[in-house]
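Visitor: Okay, handing you the structure first.
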Amino acid sequence: VDMVTVAMNESKPWYFKELQAFIPFQTAIKITPRKMKSYDIVHALDPFVGALLPLTARNTVVTFHDLIPLTLKGKWKYENALQAYHWCVYKLAARSKRIIAASEQTKSELINILHTKPEKIDVIASGGVGGKFRPLPKADRQPTIGFFGNFCYRKRVDLAIEVFRKLLAKGLDCRLVLAGGKITEPAKEKFDIDELTKGLSSVTKIDFVPEEDIVELYNSFDIMLYPSENEGFGLHIPEAQRCGVPVLVRG
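Quick note on our numbering: the sequence shown kicks off at 28 and runs consecutively.
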């Protein structure tokens, strides 16, 4: 088994992250057509990575987690160009022999939006939650409401702040932790967190959260708000629950 890593580091500035647009070409450079012929199966864990694989490999599998750039409209900068690019990438990736969808919702979107044949799609939920996610001892502290996600429109951090304001207005003594950091990718509409939290003293803002700190972060919450506009699977929900934290989800 050979593994080729083509990744985007979320902690990097936007001009590094913009290289994501060239991930299909990075893959093509790293795995040449000659090398492709030596593999029995090639599995891409993301359609960006797998877009060009069906053109060069015999037996390809591509995992789709969601089709959010095509389903969430009106909240992207350069939207027409961005959707055209994602449409081309997704359509190319959907030409693979088999497709793994992370949820029934993603399967339905593949069928209805990309007109993918249902019989080539298998639904396999994300690989579960690892054993590291567990409750940790909690010290006495002010009740904490948590939000963990980036600050782009889709995650709707504005609703989490609105809920917090209403709780304070009702006299509840609590604090709000906003974790996940500012989105620096120009194509994504984002909220002005400083403006939304103006006048609030019990708000903690955390930028990028390293993987090794996520369990501790979850355990710092007494409840987590998850008001996202659209998700493919929503892995933060079971992760928080495994840490013993109840999650309030927007329906």
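Ideal placement from N, C-alpha and C gives every residue a C-beta, glycine not left out.
Compute the Euclidean distance between the alpha carbons of residue 274 and residue 264, then round it to the nearest angstrom.
Guide: Approximately 7 Å, taken between the alpha carbons.
Visitor: Among residues of its own chain, excluding the 5 on either side of residue 183, which ones have a beta-carbon nearer than 8 Å to its beta-carbon?
Guide: If we look at residue 183 and ignore the five residues flanking it on each side, its Cβ neighbours are 254, 255, 256 and 277.
Visitor: Please report the residue range of the alpha helix (DSSP H) in which residue 156 lies.
Guide: No alpha helix (DSSP H) holds residue 156; DSSP gives it neither H nor E.
Visitor: Please name the residue in 151, 223 and 124 whose C-alpha comes closest to that of residue 188.
Guide: Looking at the Cα atoms, 223 is the closest of the given residues.
Visitor: Please check the pair residue 89 and residue 120, which I expect to be a contact at CB under 8 Å, by giving their CB distance rounded to whole angstroms.
Guide: Confirmed, Cβ separation roughly 5 Å.
Visitor: Kindly identify the DSSP beta-bridge partner or partners of residue 275.
Guide: Looking at the DSSP assignment, residue 275 forms a beta bridge with 252.
Visitor: DSSP state of residue 235, grouped into three classes?
Guide: Here residue 235 sits in coil by DSSP.
Visitor: Looking at the unbroken beta strand (DSSP E) that takes in residue 262, where does it start and where does it end?
Guide: Here residue 262 belongs to no beta strand (DSSP E), and DSSP marks it neither H nor E.
Visitor: Is residue 171 near the ligand FAD, going by C-beta to nearest heavy atom under 8 Å?
Guide: As far as ligands go, the structure on display features none, and thus does not contain the ligand FAD.
Visitor: DSSP has residue 87 in a bridge; who is on the other side?
Guide: Paired residues: 69.
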